[in-house]
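S.K.:
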Amino acid sequence: MAQTGEETVSENKQSSTIDYSAFPNAEGHFGPYGGRFVSETLIYALDELNAIYSRLKDDPDFQAEFDKDLAHYVGRPSPLYFAERWTRELGGAQIYLKREDLNHTGAHKVNNTIGQALLAKFTGKGRVIAETGAGQHGVATATVAARLGLKCRVYMGADDVKRQSLNVYRMKLLGAEVFPVTSGSRTLKDAMNEAMRDWATNVDDTFYIIGTVAGPHPYPQLVRDFQAVIGREARAQCLAQAGKLPDALVACVGGGSNAIGLFHPFLTDESVSMYGVEAGGLGIETGKHAAPLNKGVPGVLHGNRTYLMEDENGQIIETHSVSAGLDYPGVGPEHSWLKDIGRVKYVPINDDEALAAFRKVTRTEGIMPALESSHALAYVEKLAPTMSKDQIIIANLSGRGDKDILTVAGIDGITV
Amino acid sequence: MSRISQVLNHAKSQGRKALVTYIVNGDPYPAATLPTMHKLVEQGVDIIELGVPFSDPMAEGPVIQQGHERALAHHVSLKSTLEVAREFRKTNNHTPLVLMGYANPVERFGYEAFAKAAAEAGIDGLLTVDLPPEEVAVLKEALDASGLDNIFLLAPTTTVERARKIASHASGFLYYVSLKGVTGAGHLDVTAVKAKLDEFGQLTDLPVCVGFGIKDPATAKAIAALADGVVVGSVLVEKMGSMADQSQEKIAQAVGDIVGGIRRALDDC
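Residue numbers (the working numbering), protein chains in the order written: chain V, -19 to 396; chain L, 179 to 447.
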């Protein structure tokens, strides 16, 4: 089967009715989702970015530079690790972990910041800004800014600044300015509002490095393309190590960049099921969650049309998740579309379930996952036992859990 | 001809600069809005822009953001904003009302349902900050069917070619954003505004009003010399926010005083 992997692909491509590579269209739409919903001031900057990206994305020199940075700076390819003990314990499908936690800076986020920093270099802009929730994207942005000598400001909700103090200090050590946002719900969505305002004000000399597959076109496309290295590697590694394609993919979804990165190269492989795991918070039924694909409605926020958590008047409502990186009321537009067409199934995992999976994988495999990634792992706990032993699940271990130690200790009532 | 066009044409024929003012509905508390609107008219305002509060006002500076937050604390919505318009129309049938806000509350209301309800309530036009021409087709159809004007922003970063395209979608007036940045910013440059407006040239027959960062009579006068009218917002919202614990009469009076000063400066043009 390993030798025929390539043929399997082409067969699947023929039988698939949707050409996923044709999305988004020129206007940035994935079906009814995506687009460019921004104030007029930013249109020029988006046009400029789109022109640069359209030119560079198929440019072999640009790709070579990107690949070189991923290999020598990020440390790719990241391993696809067979979690043997955990697999045995669950007694079902074989579980493989895509180890994005082993990337430089400890999460998948850096794949994208490396790519966007290269784009920034081409624009000649000397300043970058970013929004961050858990701080992983902020750290990844501050890192590439340090390396390229760019000025860097990271917008972070004031509440997140408090619960992710380690990452805040990391960013400062890297030379970035961390700007706590006190408006609105003081979390990721408000950080993104503030970053958009900064961008509109300093549009001439500032490049906005968006951290997820949301925002106005072309961001959902280019962030996806940069993150798709995860799925391309995982696909080749699975064929090489297991001799066949996986049966299921599992990844957590906040904005959804690690999930789309894993999923996208497999979309035409019809035999591969995909599960995007949203933050169920205290429980979907309590309303205190961050699961727009499970409980939201389509609307417009942060430059794109997508599923949102909002009230009956169209006001965005506050979300809840134990993990700051999933605490977002929207989701990337491509996920909204993949949900509607039924290609990916989106499921919620509660705080408690994620914490249990965090402890379980830490103790069973000696790998401490981020609380975000722990949502995906908690779903694996449910899914694997329902599958047979010859089947394969790849779960995206999108980030490492060091940053969450204080949160977990706090829940345990321990002062570290 | 729409009420907006009538008022702006009339002002032009009189050699008078139009004064457009922005306040947030329900800010600092719901009862303050209606008396303030009437006071604005009394002080010579030609068009009232009523801000529809939104949880994520991406294009607003801190002053108007806080205005939105104050209104939302009182559960002000798009629906209740239409109620205010209806009340206003009971005694004023001549001052155009423009709703200014963000796409999501309108989308939630339903484009067609909104257009009908807004026209019925006496609204004359809509400006959705985050709906550029590329995304507006469905809403525009609904607005056109109900006879509402669709007002668009032009920015310092807008190319001439794009400005022509925007103008072809617009009705009522064109709103030129005088600076790169958010509402209420402090770096308005009159020379730069002039240069950009000259570059645009005559885009259409639509009047052009200029706003963002106009805070005092002198600036208003300087900008008005370049355009058909000016839009003033943050300075009013700031005043209203600072008077949250005072009576609606006092709030209306204080806002009226600011606007009166600007009106006199414009009439001096």
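The beta-carbon is built from N, C-alpha and C at its ideal position, and this holds for glycine as well.
Taking 9 Å as the CB-CB limit, is GLY379 of chain V close to chain L?
M.R.: no
S.K.: So is VAL277 of chain V buried or exposed if we call it buried at 16+ other beta carbons inside 10 Å?
M.R.: exposed
S.K.: Among V:PHE338, V:ASN238, V:ALA156, V:GLU45, which has the Cα closest to the Cα of ASN83 of chain V?
M.R.: V:ASN238
S.K.: Under 8 Å Cβ-Cβ, which residues of chain V neighbour LEU381 of chain L?
M.R.: Result: empty, since nearest Cβ-Cβ is about 14 Å, beyond 8 Å.
S.K.: Within the continuous beta strand (DSSP E) that includes GLY397 of chain V, where are the two ends?
M.R.: The requested residue 397 of chain V does not occur in the structure, where chain V is confined to residues -19 to 396.
S.K.: Just to check my reading of the structure: PRO310 of chain L and GLU20 of chain V have Cβ atoms closer than 8 Å, yes? What is that Cβ distance to the nearest angstrom?
M.R.: 6 Å
S.K.: Can you tell me the Cβ-Cβ gap for PRO198 of chain V and LEU29 of chain V, rounded? I've got them flagged as a contact below 8 Å.
M.R.: 6 Å
S.K.: Starting from PHE102 of chain V, follow the alpha helix (DSSP H) in both directions and report where the run begins and ends.
M.R.: 89 to 103
S.K.: Roughly how far, in whole angstroms, is the beta-carbon of ILE226 of chain L from the beta-carbon of THR199 of chain L, given that I think they are within contact range, below 8 Å?
M.R.: 6 Å
S.K.: Applying the criterion that 16 or more other CB atoms from any shown protein chain within 10 Å of the CB defines a buried residue, is MET(-19) of chain V buried or exposed?
M.R.: Low confidence applies to MET(-19) of chain V: its pLDDT is 35, below 50, so where it sits in the model is not reliable, and the reading given next is rough at best. Result: exposed.
S.K.: Residues of chain V with CB under 8 Å from LEU256 of chain L, in chain order?
M.R.: ASN293, GLY294
S.K.: In angstroms, rounded to a whole number, what distance separates the CA positions of ALA16 of chain V and LEU281 of chain V?
M.R.: The sequence shown places Arg at residue 16 of chain V, not Ala. So the alpha carbons of these two residues sit roughly 10 Å apart.
S.K.: Leaving out five residues before and five after GLY283 of chain V in sequence, what residues of the same chain have Cβ atoms less than 6 Å from its Cβ?
M.R.: PHE17, VAL18, GLY195, PRO196
S.K.: What residues in the region 226 to 243 of chain L bring their beta carbon closer than 9 Å to a beta carbon of chain V?
M.R.: PRO231, PHE232, SER233, ASP234, PRO235, MET236, ALA237, GLU238, GLY239, PRO240, GLN243
S.K.: I want to verify the contact list: residues of chain V whose CB lies under 8 Å from the CB of LYS372 of chain L, in sequence order.
M.R.: Identification of chain V residues near LYS372 of chain L by a Cβ-Cβ cut-off of 8 Å yields none; the smallest Cβ-Cβ distance measures about 18 Å.
S.K.: List the residues of chain L whose Cβ lies closer than 7 Å to the Cβ of MET176 of chain V, in chain order.
M.R.: MET236
S.K.: Quick one: list the residues of chain L neighbouring THR181 of chain V, beta-carbon separation under 8 Å, in chain order.
M.R.: LYS358, GLY359, VAL360, ALA363
S.K.: Within the 9 Å Cβ cut-off, does VAL18 of chain V reach chain L?
M.R.: yes
S.K.: With ALA228 of chain V and VAL252 of chain V assumed to form a contact (beta carbons below 8 Å), what rounded beta-carbon distance in angstroms separates them?
M.R.: 7 Å
S.K.: State the DSSP-derived secondary structure class of SER253 of chain V, mapped to helix, strand or coil.
M.R.: In this structure, SER253 of chain V counts as strand in the three-state DSSP scheme.
S.K.: Run through DSSP, which three-state label would GLN(-6) of chain V get?
M.R.: No answer about GLN(-6) of chain V holds up, because its pLDDT of 40 lies below 50 and its placement is not dependable.
S.K.: Measuring alpha carbon to alpha carbon, tell me which residue in L:VAL371, L:PHE390, L:ALA432 is nearest LEU404 of chain L.
M.R.: Minimum Cα-Cα distance from LEU404 of chain L among the listed residues L:VAL371, L:PHE390, L:ALA432 corresponds to L:VAL371.
S.K.: What does DSSP give as the partner residues of LEU77 of chain V in its beta bridges?
M.R.: Beta-bridge analysis with DSSP links LEU77 of chain V to V:TYR61, V:ALA375.
S.K.: Got a sec: is the Cβ-Cβ distance from GLU290 of chain V to anything in chain L below 9 Å?
M.R.: yes
S.K.: Note down, in chain order, each residue of its chain lying with its Cβ closer than 6 Å to the Cβ of VAL386 of chain L, except the 5 sequence neighbours on either side.
M.R.: For VAL386 of chain L, where only same-chain residues beyond five positions count, the Cβ hits under 6 Å are LEU352, TYR354, ALA405, ASP406.
S.K.: Please classify GLY325 of chain L as buried or exposed, where buried requires at least 16 neighbouring CB atoms within 10 angstroms.
M.R.: exposed
S.K.: Is it right to say LEU153 of chain V is buried, meaning 16 or more other beta carbons lie within 10 angstroms of its own, or is it exposed?
M.R.: exposed
S.K.: Provide the residue span of the alpha helix (DSSP H) that contains GLY118 of chain V, from first to last.
M.R.: 116 to 128
S.K.: I want to verify the contact list: residues of chain L whose CB lies under 7 Å from the CB of VAL327 of chain V, in sequence order.
M.R.: What VAL327 of chain V touches in chain L: nothing, since even the nearest Cβ is about 26 Å away.
S.K.: Any chance the region 100 to 117 of chain V sits against the region 27 to 47 of chain V, with 3 or more Cβ pairs inside 8 Å?
M.R.: yes
S.K.: Below 8 Å on the Cβ atoms is my contact criterion, and I expect ILE210 of chain V with GLY241 of chain V to pass it. Report the Cβ-Cβ distance as a whole number of Å.
M.R.: 4 Å
S.K.: Assign ALA114 of chain V to buried or exposed, taking buried as 16 or more other Cβ atoms, counted over all protein chains shown, within 10 Å of its Cβ.
M.R.: buried
S.K.: Throw me the rounded Cβ distance for the ALA363 of chain L and GLY239 of chain L pair, which I believe falls under 8 Å.
M.R.: 6 Å
S.K.: Tell me the DSSP secondary structure of ARG380 of chain V in three-state form.
M.R.: strand
S.K.: So, is ASP170 of chain V buried or exposed, given that buried needs 16 or more other C-beta atoms within 10 angstroms?
M.R.: buried
S.K.: Enumerate in chain order the residues of its own chain whose CB-to-CB distance from TYR280 of chain L is below 8 Å, with the five nearest sequence positions on each side excluded.
M.R.: VAL230, PHE232, ASP234, PRO235, MET236, THR306, VAL307, ASP308
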